[in-house]
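Final position of the sequence shown in the UniProt record's numbering is 77; the numbers increase by one with none missing. Ideal Cβ placement from N, Cα and C applies to all residues, glycine included. As the structure is a prediction and not an experimental result, all values here were calculated from the model. Each remark here refers to the structure printed beneath this line.
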Amino acid sequence: FGTVRARAGFAFDRALIYATGGFAYGDIGAGSTAFVAPDGTIFAGSSNGTNTGWVLGGGLEYAFTNNLTAKIEGLYV
């Protein structure tokens with residue numbers, strides 16, 4: 001899975017409060033166990049695909065130094 005997002009926000013001293021949003025995608029798969037019916041028919045199945053959608057979120061990023069930052073972020077996919 002993954003996201004392709006943009007973000008925009010407000011910087012205060014060394015902190016950035018931001019909103020983010022964009023495109024989300026992910027692979028899904030499902031399968032079933034094979035079994036034999038009384039008449040000898042064998043049943044088995046599987047399905048795979050890619051789901052796409054959108055993602056929204058927000059977060060806070062803080063610069064401890066000019067080269068070291070940390071962030072906390074929440075996403076709704």
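The beta carbons of VAL77 and VAL55 sit closer together than 7 Å. A straight line joining the alpha-carbon of SER47 with that of VAL4 spans about 25 Å. Annotated three-state conformation of ARG14 is coil, per DSSP. Cβ contact annotation for GLY45 (same chain, cutoff 8 Å, sequence separation greater than five): GLY31, SER32, in chain order. Cβ-Cβ distances below 7 Å link ILE72 to GLY59, LEU60 in the same chain, with the five nearest sequence neighbours on each side left out; the list follows chain order.
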